[in-house]
Every structure is written in structure tokens, then in C-alpha cells.
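A.B. asks: Sharing a structure here in C-alpha cells format.
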Amino acid sequence: DAEITQSPRHKITETGRQVTLACHQTWNHNNMFWYRQDLGHGLRLIHYSYGVQDTNKGEVSDGYSVSRSNTEDLPLTLESAASSQTSVYFCASSLTNTDTQYFGPGTRLTVL
Amino acid sequence: EDKVVQSPLSLVVHEGDTVTLNCSYEVTNFRSLLWYKQEKKAPTFLFMLTSSGIEKKSGRLSSILDKKELFSILNITATQTGDSAVYLCAVSNSGYALNFGKGTSLLVTP
Numbered sequence: 703d704a705e706i707t708q709s710p711r712h713k714i715t716e717t718g719r720q721v722t723l724a725c726h727q728t729w730n731h732n733n734m735f736w737y738r739q740d741l742g743h744g745l746r747l748i749h750y751s752y753g754v755q756d757t758n759k760g761e762v763s764d765g766y767s768v769s770r771s772n773t774e775d776l777p778l779t780l781e782s783a784a785s786s787q788t789s790v791y792f793c794a795s796s797l798t799n800t801d802t803q804y805f806g807p808g809t810r811l812t813v814l
Numbered sequence: 033e034d035k036v037v038q039s040p041l042s043l044v045v046h047e048g049d050t051v052t053l054n055c056s057y058e059v060t061n062f063r064s065l066l067w068y069k070q071e072k073k074a075p076t077f078l079f080m081l082t083s084s085g086i087e088k089k090s091g092r093l094s095s096i097l098d099k100k101e102l103f104s105i106l107n108i109t110a111t112q113t114g115d116s117a118v119y120l121c122a123v124s125n126s127g128y129a130l131n132f133g134k135g136t137s138l139l140v141t142p
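Chains as they are written, first to last, in my numbering: chain A, 703 to 814; chain B, 33 to 142.
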């Protein structure tokens, strides 16, 4: 069955370290998105991509980067992790020209 | 600046009650409004609404959009404990990223 997966599911890291969260989907969706979810803020958009080699900044992109080298994957990199980036991170994808997004299971990141 | 506001933020009801969740929005170039259910994991898709006045229904859940007054409601009839979750409202504009509200946390007690 087609699906969207994230890894790792849980990660603890230290301030200043580089961290990469993986997102992989097998639906052949062109659109992929990264959100973070924090208490009191709901889901906020970090970065998104509408296809290979396309990346765009979202509402809370500072300190994060993405790259899209193929259709299936959109890894999210925290260049130098900060405690303020402790959060639950969700990846999502959708078909071209559609709004319905399907979410991965999430990654809980703790930055100490 | 685009805004999506959900109310109430939290709600406790008894099994069998009917609940109405609200979502109001201010978005330039509105295209669609989506409802998601989130238990202790990933949000799962419920409905997408694009036209005013057309009710979407799935079992005990239904939703309707009012594009003139810029709001949507999500109704759940005969609630069950399995309906306990956070319900998220999101709006899309000219792009395909979603702008989410903060969610309504619903607790259904036996």
C-alpha cells in the first residue's frame, strides 16, 4: 500500500548539532510539506515543495532547510538545533492541483 | 495576514450529545476549507469544502461552509468516546500549503 513515512519517530539531540528528519512517500505526490506542532500554536508551515528541485519557505522557516532531489523524499534539516525547535514535526503530501494533504506519523524532536 | 480561528478551544460532552465546532477564516484568494481529526498521532482527513451551502456528510459527522460569512461548522451527532480528539480546521489559498487553526480539543465522557 502507498504510504508516507517519517524517521526517526523520536530523537533527542543537543543544542548546536545538525539534525535531519526524513520524510518518504510512495504515492508519487508532487506536493510535499513540513509542519511543526506546538501547544498553543497548532500546525505551522516550515517549508514546502511542489516538485523536484522546487523548495519554498513557510511561516516558520528560520533555522530549517529542505532539498528535493526526487519525488519521494523531502528531508528537513535543522542546521544548528536550538531548544526552541523542540516540537513534533509532521510531513505531508498531496497530488498536484489538489488541497487534500495526507500526513506522516510525525517525529518528536527534543533539543537539550 | 491570513487567519483561521477555531472555537471553542476545548469541549467536554457526554456520550450521545451533539456537538458543533466552529471555524472562521480571513484568507485572500480562498480556495477550500478542510477538516482533520487528530488523535494522539497524525491528522487524518475528514472533509474538504469548496462551495457554500453544500453539506458534506460521513456517518455521524457533517460539515458545511458559508463563504459569505467566512465560516464553517463541523457537527458530530450521537457522540461516542472514540470521537475524542483534536479537530483541526485548515484553509488553502492560491498555493497548496494549508493554514491551520489551533484546533478544538473534544473529550467525550461515558
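Positions of the beta carbon are idealized from the N, C-alpha and C atoms, including for glycine.
Remember, predicted model here, so these are calculated numbers, not experimental data.
Does the region 800–812 of chain A come into contact with the region 94–103 of chain B, if we say contact requires no fewer than three beta-carbon pairs (one atom in each stretch) closer than 8 Å?
C.D. replies: Too few Cβ pairs lie closer than 8 Å, so no.
A.B. asks: So what does DSSP say about T52/B, is it helix, strand or coil?
C.D. replies: Here T52/B sits in strand by DSSP.
A.B. asks: Taking the beta strand (DSSP E) that R810/A belongs to, which residues open and close that run?
C.D. replies: Start and end: 809–813.
A.B. asks: Going by alpha carbons, who is nearest to L723/A out of D801/A, T798/A, Y766/A?
C.D. replies: Minimum Cα distance to L723/A is reached at Y766/A.
A.B. asks: Counting only the same chain and skipping the five closest in sequence on each side, list residues whose C-beta sits under 7 Å from that of R746/A.
C.D. replies: Around R746/A: Y737, R738, E761, V762.
A.B. asks: With DSSP collapsed to three states, give me the class of D756/A.
C.D. replies: In the structure shown, D756/A sits in a strand (DSSP, three-state: E or B).
A.B. asks: Do L130/B and S124/B have their CB atoms nearer than 8 Å?
C.D. replies: A contact, by the Cβ cut-off of 8 Å.
A.B. asks: By Cβ distance, which residues of its chain are closer than 6 Å to E87/B, with the 5 residues on each side in sequence left out?
C.D. replies: If we look at E87/B and ignore the five residues flanking it on each side, its Cβ neighbours are S94, I96.
A.B. asks: Should S789/A and M734/A be called a contact, given that it needs their Cβ atoms to be closer than 8 Å?
C.D. replies: Contact flag unset, no.
A.B. asks: Taking only runs of the beta strand (DSSP E) that begin and end inside the region 712–751 of chain A, which ones reach a length of at least 3 residues, in chain order?
C.D. replies: As far as the region 712–751 of chain A is concerned, its whole beta strand (DSSP E) runs of at least 3 residues are 712–715, 721–727, 733–740.
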